[in-house]
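Visitor: First, the structure itself, so that you have it in front of you.
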Amino acid sequence: SQTIHQWPATLVQPVGSPLSLECTVEGTSNPNLYWYRQAAGRGLQLLFYSVGIGQISSEVPQNLSASRPQDRQFILSSKKLLLSDSGFYLCAWGGIETQYFGPGTRLLVL
Amino acid sequence: SQQGEEDPQALSIQEGENATMNCSYKTSINNLQWYRQNSGRGLVHLILIRSNEREKHSGRLRVTLDTSKKSSSLLITASRAADTASYFCATAPEGGWGKFQFGAGTQVVVTP
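So the protein lines, in turn, are chains A and B. Numbering (our numbering) for the first sequence: 1 to 110. Numbering (our numbering) for the second sequence: 1001 to 1112.
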């Protein structure tokens, strides 16, 4: 069966520091991968999606970036965090009918 | 922008009662899905209904879709305390491959 991992689970970072969140998927090949952000009490905002290694599409202009160095690895990064980057970050894999979500990373920027 | 909008924002019921929540959307869709999120966790897929379907059942869940009104409803029958969670609808726009639009969710609290 497929499993999706995210780490870290929780992260507290100062403004201006770099960020690296990692997502890995097991049990499937060439998955479509997604990064979402969820603000407190809100729905999910699609940030990036990827259909293959090195192929990244950005949905929202911001100071975040994403990379896919391996088939089942998806990384969300920032060179300098802003206060507004705080939120719950969710990685998902899937397609046009169903997406399967990881446990999420809660990021607090102070 | 969020296409799906859930109503109500919050719902408090007792065990055994039914819970109904609605979702409205703006553009043509391929399908609509409902997800559940327990506090601080990832989303779990509950049920999918395609644009050419009108009603679907899965266990205690019943979903309807009215494409003419661009709306969907999720009914949870005989609710349990374990159903306490936030429920989100997500729409898959036509031609918008995998780029789901999520609503802000309905927070459901089921008290014993």
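For glycine and all other residues, C-beta sits at the position ideal for the given N, C-alpha and C.
For B/Leu-1048, which residues in chain A fall below 7 Å Cβ to Cβ?
Guide: Within 7 Å Cβ-Cβ: Glu-97, Thr-98.
Visitor: For the beta strand (DSSP E) containing A/Ala-66, name the first residue and the last one.
Guide: Where A/Ala-66 is concerned, the enclosing beta strand (DSSP E) stretches over 64-70.
Visitor: Going by the CB atoms, is the gap between B/Thr-1111 and B/Gln-1037 shorter than 8 Å?
Guide: No.
Visitor: Can you tell me whether A/Ser-84 is buried or exposed? The criterion is at least 16 other CB atoms within 10 Å of its CB, across all chains shown.
Guide: Under this definition A/Ser-84 is an exposed residue.
Visitor: State the DSSP-derived secondary structure class of A/Leu-81, mapped to helix, strand or coil.
Guide: Here A/Leu-81 sits in coil by DSSP.
Visitor: Does the distance from the CB of A/Tyr-34 to the CB of A/Leu-19 come in under 8 Å?
Guide: Going by C-beta atoms, A/Tyr-34 is not nearer than 8 Å to A/Leu-19.
Visitor: Should the region 1089-1098 of chain B be called in touch with the region 1019-1031 of chain B, which here means at least 3 C-beta pairs below 8 Å?
Guide: Yes: at least three Cβ pairs fall under 8 Å.
Visitor: So, is A/Gln-62 buried or exposed, given that buried needs 16 or more other C-beta atoms within 10 angstroms?
Guide: A/Gln-62 should be labelled exposed.
Visitor: Terminal residues of the continuous beta strand (DSSP E) containing B/Arg-1050?
Guide: Taken as a continuous stretch (DSSP letters only), the beta strand (DSSP E) holding B/Arg-1050 covers 1043-1050.
Visitor: Could you check where the beta strand (DSSP E) with B/Lys-1099 kicks off and where it finishes?
Guide: Looking at the DSSP string, B/Lys-1099 is not in any beta strand (DSSP E), and its letter there is neither H nor E.
Visitor: Between A/Val-60, A/Tyr-89, A/Gln-13, which has its C-alpha nearest A/Leu-76's C-alpha?
Guide: Checked all of A/Val-60, A/Tyr-89, A/Gln-13; the closest Cα to A/Leu-76 is A/Tyr-89.
Visitor: Nearest to B/Ser-1072 by alpha carbon, out of B/Thr-1084, B/Ala-1078, B/Thr-1064?
Guide: For the residues B/Thr-1084, B/Ala-1078, B/Thr-1064, the minimum Cα distance to B/Ser-1072 belongs to B/Thr-1064.
Visitor: Rounded to whole angstroms, what's the CA-CA distance from A/Leu-82 to B/Asn-1052? Just pull it up for me.
Guide: Spanning the two alpha carbons is a distance of roughly 44 Å.
Visitor: If we ignore side chains and look at the alpha-carbon of each, how far apart do A/Cys-23 and A/Trp-7 end up?
Guide: Approximately 7 Å, taken between the alpha carbons.
Visitor: Could you check where the beta strand (DSSP E) with A/Leu-21 kicks off and where it finishes?
Guide: Note, A/Leu-21: beta strand (DSSP E), 19-26.
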